[in-house]
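Following: one structure in C-alpha cells, then a few remarks.
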Amino acid sequence: MPKTFFIQTFGCQQNIADSQRIASYYVARGYQPSKTLKSADEVVLNTCMIRQQAEDKVTGLVKNIAGSREIKPKIVITGCMVGMAARDETGKYLNDLKQRMPEVDEFLPLEEVGFNYPALRNDLTHAWVPISNGCNNFCTFCVVPFTRGREISRPFADIIKEIEDLAVKGCKVITLLGQNVNSYGADLVKKDAKGYKLPNGKTVKPIMVKHLNRFRIPTIFPYLLQEVCKIKGIETVKFISSNPWDFSNQLIETIAKNPKIDRNLHIAVQAGDDQVLKRMNRWYTAKEYLDLVKKIKSKVKGAQISTDIIVGFPGETKKQFENTVKLATSADFAYAYVSKYSARPNTAATKAFVDDVPHKEKDRRFVILDQLINHSGNLRSAVH
Ligand code: SF4
Numbered sequence: 007m008p009k010t011f012f013i014q015t016f017g018c019q020q021n022i023a024d025s026q027r028i029a030s031y032y033v034a035r036g037y038q039p040s041k042t043l044k045s046a047d048e049v050v051l052n053t054c055m056i057r058q059q060a061e062d063k064v065t066g067l068v069k070n071i072a073g074s075r076e077i078k079p080k081i082v083i084t085g086c087m088v089g090m091a092a093r094d095e096t097g098k099y100l101n102d103l104k105q106r107m108p109e110v111d112e113f114l115p116l117e118e119v120g121f122n123y124p125a126l127r128n129d130l131t132h133a134w135v136p137i138s139n140g141c142n143n144f145c146t147f148c149v150v151p152f153t154r155g156r157e158i159s160r161p162f163a164d165i166i167k168e169i170e171d172l173a174v175k176g177c178k179v180i181t182l183l184g185q186n187v188n189s190y191g192a193d194l195v196k197k198d199a200k201g202y203k204l205p206n207g208k209t210v211k212p213i214m215v216k217h218l219n220r221f222r223i224p225t226i227f228p229y230l231l232q233e234v235c236k237i238k239g240i241e242t243v244k245f246i247s248s249n250p251w252d253f254s255n256q257l258i259e260t261i262a263k264n265p266k267i268d269r270n271l272h273i274a275v276q277a278g279d280d281q282v283l284k285r286m287n288r289w290y291t292a293k294e295y296l297d298l299v300k301k302i303k304s305k306v307k308g309a310q311i312s313t314d315i316i317v318g319f320p321g322e323t324k325k326q327f328e329n330t331v332k333l334a335t336s337a338d339f340a341y342a343y344v345s346k347y348s349a350r351p352n353t354a355a356t357k358a359f360v361d362d363v364p365h366k367e368k369d370r371r372f373v374i375l376d377q378l379i380n381h382s383g384n385l386r387s388a389v390h
C-alpha cells in the first residue's frame, strides 16, 4: 500500500499555492493524498507567522494530532515558522520550536519539501500562480522578509509557460501572486551603463522617489501582465499583493488598456497617518495614497480598491487613528482586511517600539474601521 499524506495550510494565498507544490512533490515520491488528516501516514503543516495566534494554532494542532492517534503519523513542519528558523543564525528560534513541539519529526524549509515542483491543482478553473517569493521592503511590523527572505522573481518565460499549459487544460482565471507583484522583475532587469534594459528593448533610468530621496529600480510587472493577457483561453487576470509606492503610471495604463485585467485592485494602505506610515517604513504619505486611488479610478473604468489596515500600531494615538478613518472615508474602499497590531519576532517594530496601545483600544479601533468599511452601518460619529 502506498503511504498517504495530508497538508494542512495556514495563512495566506501564497501558502496555499506553496502547498500545491508540496503536494506535487509527495505524489512524485509515490505518496497518495489522504482525504483526512486523521488517516494520513504523514502530515505536513504549512505554517504562518503573521500573528501570534497563527503560531499558536500550529502548536495546538501538533499536540492534538500527537495525542489523538494510537500510532502517531510523521509530522513535518514547513512554511513561515521554518523559514524564520532557517534565517535565524543564532539557532534560538529553531530551539524554541523544538521545545514547543517535541512531537514534530522534521522541520523542513519550503525548498526541501517541493517548492520547485509544478503545482498539483484540484481546481483548474482558477489558478494561483506565484511570480515571486520573499520581500525586500522591511515594513517594520512585517515578518515576511525574515520568513521568506529577500525577493526572488521567477523567470518570465517559466510563468508564461505555466499559464499557457493551464489555459490548454481549460483554466480561465489566473491570479498572479507575490508579496509585492509590482516589484516583479526588479532582480531580472539587466543593468548597463545607460540604465536598465526592459523586455521591449528600451533602456530606462532608475526612478527617483522624491520624498524618500532614493531611487527605485524599474520593474517589468506591466510587461508580464501584457503577455499573460495575450494567452488564448485566459479570460480574467488578477494579481495580489500590490503596494502603493511602486504602482506606476505604466501599470495603471496597462490595466486600463486590458479588459482581461480584473478591476478589483487590492492596494494595502496599512495606516492613514504620515507619522505612523513613517514608523511602519511605508514609502508614501496619506495624500500620495489618496492621489493614487484617485488616479486609478479616473483612468481605469470600474476600478474598485480594497486594502489592508493595521490598528493599534505602537504609539498610534487617537488622533493618528482618526487620520486613518479620514483616509478610509475618502478612499471609499470596497472592503478592507483590518487587523490589530501584533508584535512579531525579529521585526524592527518589535525591537524599536513598545506595543503600547491597550487591547481594549485596539478592539475599539478595529470595530470602528471594520464597520465603516465592511458593513453598511456608518459609525463615523463614533470616532472621538
Ligand atoms: S511589502 Fe508586504 S510583505 Fe513586504 S515587508 Fe511590507 S508588508 Fe511585509
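So that you can map any letter, position 289 of the sequence shown is 295 in this note's numbering, and since no number is skipped, the others follow by simple counting. All C-beta atoms in this analysis are idealised placements derived from N, C-alpha and C, irrespective of residue type, glycine included. Computed from a predicted structure; not experimentally measured.
Requested in this report: Using DSSP bridges, identify the partner residues of W134.
Outcome: The count along the sequence shown starts at 1 and reaches residue 134 at position 128. Assignment of beta-bridge partners to W134 by DSSP yields T181.
Query - Separation of G278 from E381, as counted between CA atoms - result: Counting from one through the sequence shown, the residue named residue 381 turns up at place 375. Counting from one through the sequence shown, the residue named residue 278 turns up at place 272. One point to set straight first is that residue 381 is His, not Glu, in the sequence displayed. Going by the C-alpha atoms only, they are around 20 angstroms apart.
Report task. Ignore the nearest five residues each way along the sequence and tell me which others in Q256's own chain have a CB closer than 8 angstroms to its CB. Result -> As a first step, residue 256 is located in the sequence shown; it is residue number 250 there, counting from the start. So the list reads P228, once near-sequence residues are dropped.
Query raised in the report: Alpha carbon to alpha carbon, what distance is there between L182 and V344?
Result: As a working mapping, residue 344 is identified with position 338 in the sequence shown. As a working mapping, residue 182 is identified with position 176 in the sequence shown. Roughly 23 angstroms between the two C-alpha positions.
Query raised in the report: Taking only runs of the beta strand (DSSP E) that begin and end inside the region 295-359, which ones reach a length of at least 3 residues, in chain order?
Result: Here the runs fully enclosed are 310-317, 342-346.
Report task. For my contact list, I316 and V299 are in at a C-beta cut-off of 8 angstroms; report their separation, rounded to the angstrom. Result -> Stepping through the sequence shown from its first residue, residue 316 is reached at position 310. Stepping through the sequence shown from its first residue, residue 299 is reached at position 293. About 18 angstroms; that fails the 8 angstroms criterion.
Query raised in the report: CB-CB under 8 angstroms to G140, same chain, minus the five flanking residues each way: which ones, in chain order?
Result: Here residue 140 corresponds to residue number 134 of the sequence shown, with the count starting at 1. The residues are V150, P151, R154, G155, R156, E157, I158, Q185.
Query raised in the report: Which residues in the same chain as Y341 place their Cβ atom closer than 7 angstroms to its Cβ, once the five residues preceding and following it in sequence are excluded?
Result: As a working note, residue 341 is residue 335 in the sequence shown. Counting only Cβ-Cβ distances below 7 angstroms, and skipping sequence neighbours, we find S312, I379, N380.
**Report entry** Simplified DSSP state of V363, which is helix, strand or coil
**Finding:** The residue given as residue 363 occupies position 357 in the sequence shown. Coil, per DSSP.
Query raised in the report: What is the DSSP secondary structure of Y202, counted as helix, strand or coil?
Result: Start at 1 with the first residue of the sequence shown, and residue 202 comes out as number 196. Shown here, Y202 sits in a strand according to DSSP, grouped into three states.
Query - Alpha carbon of T271 to alpha carbon of A92, nearest angstrom - result: Counting from 1 along the sequence shown, the entry for residue 271 is found at position 265. Counting from 1 along the sequence shown, the entry for residue 92 is found at position 86. The sequence shown places Leu at residue 271, rather than the Thr named in the question. Each residue's alpha carbon lies about 33 angstroms from the other.
Query - N-terminal and C-terminal residue of the beta strand (DSSP E) that N122 is part of - result: What you label residue 122 is simply residue 116 of the sequence shown in a count that begins at 1. It is not in any beta strand (DSSP E) - N122 carries neither H nor E in the DSSP assignment.
Query raised in the report: Is N139 helix, strand or coil when you go by DSSP?
Result: Your numbering for residue 139 matches position 133 in the sequence shown. If DSSP states are grouped into helix, strand and coil, N139 belongs with the strands.
Requested in this report: Could you check if A24 is buried or exposed, using at least 16 other CB atoms within 10 Å of its CB as the buried criterion?
Outcome: Position 18 of the sequence shown, counting from 1, holds the residue named residue 24. Going by the sequence as given, residue 24 is Asp instead of Ala. Its Cβ being crowded by 16 or more others within 10 Å, D24 is buried.
Query raised in the report: Any idea if A199 is buried or exposed, counting beta-carbon neighbours within 10 angstroms, 16 or more meaning buried?
Result: Position 193 of the sequence shown, counted from the first residue, corresponds to residue 199. Residue environment for A199: exposed (fewer than 16 other C-beta atoms within 10 angstroms of its C-beta).
**Report entry** Residue environment, V4, which counts as buried when at least 16 other CB atoms sit within 10 Å
**Finding:** Here the chain has residues from 7 to 390 only, and residue 4 is not among them.
**Report entry** Straight-line Cα distance separating D62 from R106
**Finding:** Translated into positions along the sequence shown, residue 106 becomes position 100. Translated into positions along the sequence shown, residue 62 becomes position 56. Their Cα atoms are separated by approximately 10 angstroms.
Query raised in the report: Which residues bound the beta strand (DSSP E) around K104?
Result: Here the question's residue 104 lines up with position 98 in the sequence shown. Taken as a continuous stretch (DSSP letters only), K104 belongs to no beta strand (DSSP E), being part of the alpha helix (DSSP H) at 98-106.
Report task. Please name the residue or residues paired with G85 in a DSSP beta bridge. Result -> Start at 1 with the first residue of the sequence shown, and residue 85 comes out as number 79. For G85, which the question treats as bridged, DSSP gives the partners T53.
Query raised in the report: For the alpha helix (DSSP H) that K263 lies in, which residues bound it at each end?
Result: Against the sequence shown, residue 263 aligns to sequence position 257. Bounds of the alpha helix (DSSP H) holding K263 are 255-263.
Query raised in the report: In whole angstroms, what separates the C-alpha of W289 from that of D314?
Result: Mapped onto the sequence shown, residue 289 falls at position 283. Mapped onto the sequence shown, residue 314 falls at position 308. W289 and D314: Cα-Cα distance of roughly 15 angstroms.
Query raised in the report: So, using beta-carbon positions, are T15 and N70 closer together than 8 angstroms?
Result: Counting from 1 along the sequence shown, the entry for residue 15 is found at position 9. Counting from 1 along the sequence shown, the entry for residue 70 is found at position 64. Not a contact, by the Cβ cut-off of 8 angstroms.
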